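Undergrad: Protein chains in written order, with the working numbering: chain A, 2 to 428; chain B, 3 to 199.
Input: one structure, supplied below.
Encoded structure:
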């Protein structure tokens, strides 16, 4: 009798423990007499993992094809066709996820967060365009990126806003890249995905704000070609740097430049460098004065940027969930009064308040260091941009700027030089 | 390009650019190697943990899809088949009928069917479900908690960053491996039920 009671007691205790973890079994499952069969809870599977491999294969194939079309075939029409395919596949069929621009954040998070597991596809989408750019220029932008493709489709009447404005607006991607890396590294958010204008169009389901943003970009894209690529795209910054050292790159002329100036206005992206002849070189004293100015200004802007942003690190950290929770807990309302979902969730999680504070202060510390680095980086970029505008580079021919050129091959059609040496083309 | 020189002769500019190119390649390779250690060959998908969920209703409004890819899933094995179902009826309901004013679900997505006295079966009409979690809250408060919110992977587009996860107050969303895509309480515990339909 005693033994049975003990067993019963043990069973009750163990069942209580079980209930604590897995819900409350208030009502026992009935025993049906009518022969009722309990239906099965369906758990539909996700898209097969093998199809992700197909995405990578399509990416490699498209990159290789566009690179070949740009460098060997030099055909605008074919590049355009491939870009339409990429828009259809990566954009509308794959709903714009995963893309190389966003994969940047996955890679950043994987570097800084040890707990994060990154899918190999994300690494492939980040790395492959960079490697192709290192060898063949920004052919990814020309015909593989769905963002570039959708903007290319609408650029009917491109106007040039002027080199100076282009340079200033061209600094925005650096800020965007820096913030994206900062927020991804601290595990706060993926801001590139959050403020992705075109993904809502690819899914035919955009929020109102994003729809307005995308509409603005596409309508302004009629006159300012590829506004996202040039003045926002953070991945474009990396491609820009890497493309400058590319092994081969699109050339306007298949053989020799005859200085006919026909291609001068052909580039909608202001990416053709005009000849600067060295007939009247600047005198030595001006050059030295400029050099000294650069040597002073660049470190000055670097430190200024770092200092300025480190002052703002609390503002930057304000969007972090842990920091926000800690702020709410420190706020005027007591935990009992507050009715926000965050507080409700916090209460039900049973976490001590002190842990929230220590986690938040740790995040703030990360943001302090991060904003110093980000500020220095932005200051450095600003200084270098300023310096590069002071330096005169001499060149004799019309050549595409290897950094900003998207390898779209529009200029190629303008070149009157038709050479048989197209096939034996070498850089 | 700009220097139509004899290409076999290596000049300074060429040497520098080759050197930079090689170092960039090494850099890319280094980053790849660094993250490849943490990589998994398979894919990950988003899923929410019902144990953490507080049924705030943001799943219904924050998903990039309309209606949301988060749906209420009924774990029949946990259900008590109650007549007075906390997930089906509003708390103040007087008559236990399927009249619209009695129903907790704003879209009439729960179907109530008589089985035998006094038991009723509740099924979710998933195309109607918006994932608001009202029934989940009711069932969890008054019943067994057999109604649970889950990301339906046949609907979810698997965004790189789930926009519900970003706004989830309980931090219930996480990336889970493709082979174990559901975190249903009972099912996750027992691991007996089939993972595919």
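Note that the Cβ used here is the ideal one computed from N, Cα and C, for glycine as well.
The model shown is predicted, which means the values in this text are computed figures rather than measured ones.
For residue 210(A), is the classification buried or exposed, using 16 other Cβ atoms within 10 angstroms of its Cβ as the cut-off for buried?
TA: By the neighbour-count definition (other C-beta atoms within 10 Å, threshold 16), residue 210(A) is an exposed residue.
Undergrad: Given a threshold of 16 other Cβ atoms within 10 Å of its Cβ, counted over all protein chains shown, does residue 241(A) qualify as buried or as exposed?
TA: The residue is buried, with at least 16 neighbouring Cβ atoms inside 10 Å.
Undergrad: Please say whether residue 277(A) and residue 384(A) have beta carbons closer to each other than 8 Å?
TA: no
Undergrad: Which same chain residues end up closer than 6 Å to residue 232(A) when comparing Cβ atoms and leaving out the 5 residues on each side of it in sequence?
TA: 170 and 173.
Undergrad: Enumerate in chain order the residues of its own chain whose CB-to-CB distance from residue 149(B) is below 7 Å, with the five nearest sequence positions on each side excluded.
TA: Leaving aside the five residues that flank residue 149(B) on each side, the residues in its chain whose CB is nearer than 7 Å to its CB run, in chain order, 74, 76, 89, 137, 138 and 141.
Undergrad: Are the C-beta of residue 50(B) and some C-beta of chain A separated by less than 8 Å?
TA: no
Undergrad: Looking at the C-beta of residue 42(B), does it have a partner C-beta in chain A at a distance below 8 Å?
TA: yes
Undergrad: I'd like to know whether the C-beta atoms of residue 303(A) and residue 183(A) end up nearer to each other than 8 Å.
TA: no
Undergrad: Tell me whether the beta-carbon of residue 221(A) lies closer than 8 Å to the beta-carbon of residue 411(A).
TA: It is not a contact, given that the beta carbons lie outside the stated cut-off.
Undergrad: Output the boundary residues of the beta strand (DSSP E) element that contains residue 126(B).
TA: 121 to 126
Undergrad: Just to make sure I have the definition right: I need the residues of chain A whose C-beta is within less than 9 Å of the C-beta of residue 186(B). Which are they?
TA: 42 and 44
Undergrad: Leaving out the 5 sequence neighbours to the left and right, which residues in its chain are closer than 7 Å to residue 236(A) when beta-carbon positions are compared?
TA: 101, 102 and 105
Undergrad: Alpha carbon to alpha carbon, how far is residue 133(B) from residue 45(A)?
TA: 16 Å
Undergrad: Starting from the C-beta of residue 361(A), find all residues in its chain whose C-beta is less than 6 Å away, skip the five residues before and the five after it, and write them out in chain order.
TA: 323, 324 and 327
Undergrad: So which of 239(A), 296(A) and 335(A) has the shortest CA-CA distance to residue 130(A)?
TA: 239(A)
Undergrad: Would you mind telling me which residues of chain A sit closer than 8 Å to residue 68(B), beta carbon to beta carbon, in chain order?
TA: 206
Undergrad: Name the DSSP beta bridge partners of residue 95(A), please?
TA: Residue 95(A) is not bridged to any residue.
Undergrad: What separation, rounded to the nearest whole angstrom, lies between the Cα atoms of residue 348(A) and residue 78(B)?
TA: 29 Å
Undergrad: Count the CB pairs spanning the region 144 to 158 of chain B and the region 60 to 70 of chain A that are closer than 8 Å, and state whether there are at least three.
TA: no
Undergrad: Check this for me: beta carbons of residue 376(A) and residue 307(A), under 8 Å apart or not?
TA: yes
Undergrad: Taking only beta carbons into account, state which residues of the region 73 to 98 of chain B come closer than 8 Å to chain A, listed in chain order.
TA: 75, 76, 77, 78, 79, 80, 81, 82, 83 and 84
Undergrad: Please specify which runs of the alpha helix (DSSP H), each continuous and at least 4 residues long, are wholly inside the region 112 to 173 of chain A, giving them in chain order.
TA: 121 to 137, 140 to 144, 147 to 155 and 164 to 170
Undergrad: If we count the other Cβ atoms within 10 Å of its Cβ and call it buried at 16 or more, is residue 146(B) buried or exposed?
TA: Residue burial is scored here from C-beta neighbours: residue 146(B) has at least 16 other C-beta atoms within 10 angstroms and is therefore classed as buried.
Undergrad: So, with DSSP's three-state summary, where would you put residue 328(A)?
TA: Helix, per DSSP.
Undergrad: Determine which residues share a DSSP beta bridge with residue 118(B) and list them.
TA: Residue 118(B) pairs with 121(B).
Undergrad: Counting contacts by CB-CB distance shorter than 8 Å, is residue 107(A) in contact with chain B?
TA: yes
Undergrad: Enumerate in chain order the residues of its own chain whose CB-to-CB distance from residue 190(B) is below 6 Å, with the five nearest sequence positions on each side excluded.
TA: With a pLDDT of 44 at residue 190(B), under the threshold of 50, the modelled position of that residue is not reliable, and the figure given next carries that caveat. Excluding residues within five positions, none has a Cβ falling inside 6 Å.
Undergrad: Restricting to Cα atoms, I'd like to know which of 166(A), 259(A), 123(A) and 342(A) is closest to residue 386(A).
TA: 166(A)
Undergrad: For residue 20(B) and residue 246(A), I'd like the C-alpha separation in whole angstroms.
TA: For residue 20(B) and residue 246(A), the gap between their C-alpha atoms comes out near 8 Å.
Undergrad: Residues in the same chain with beta-carbon distance under 8 Å from residue 457(A), minus the five sequence neighbours each way, listed in chain order, please.
TA: This structure cannot speak to residue 457(A), because chain A is shown only from 2 to 428.
Undergrad: For residue 46(B), list the residues DSSP reports as bridge partners.
TA: 179(B).
Undergrad: Please return the same chain residues whose Cβ sits closer than 7 Å to the Cβ of residue 271(A), not counting the five positions on each side in sequence.
TA: 161, 164 and 167
Undergrad: Name the chain B residues whose beta carbon is nearer than 7 Å to that of residue 53(A)?
TA: 45
Undergrad: Using a cut-off of 9 Å between C-beta atoms, extract the partners of residue 142(A) located in chain B.
TA: Counting only Cβ-Cβ distances below 9 Å, residue 142(A) has no contacts in chain B at all, with the closest Cβ about 17 Å away.
Undergrad: Helix or strand or just coil, what does DSSP make of residue 39(A)?
TA: When secondary structure is reduced to three states using DSSP, residue 39(A) falls in the coil class, being assigned neither helix nor strand.
Undergrad: In its own chain, which residues sit with a C-beta less than 8 Å from the C-beta of residue 109(B), not counting the 5 before and 5 after it?
TA: Excluding residues within five positions, the ones whose Cβ falls inside 8 Å are 130, 131 and 132.
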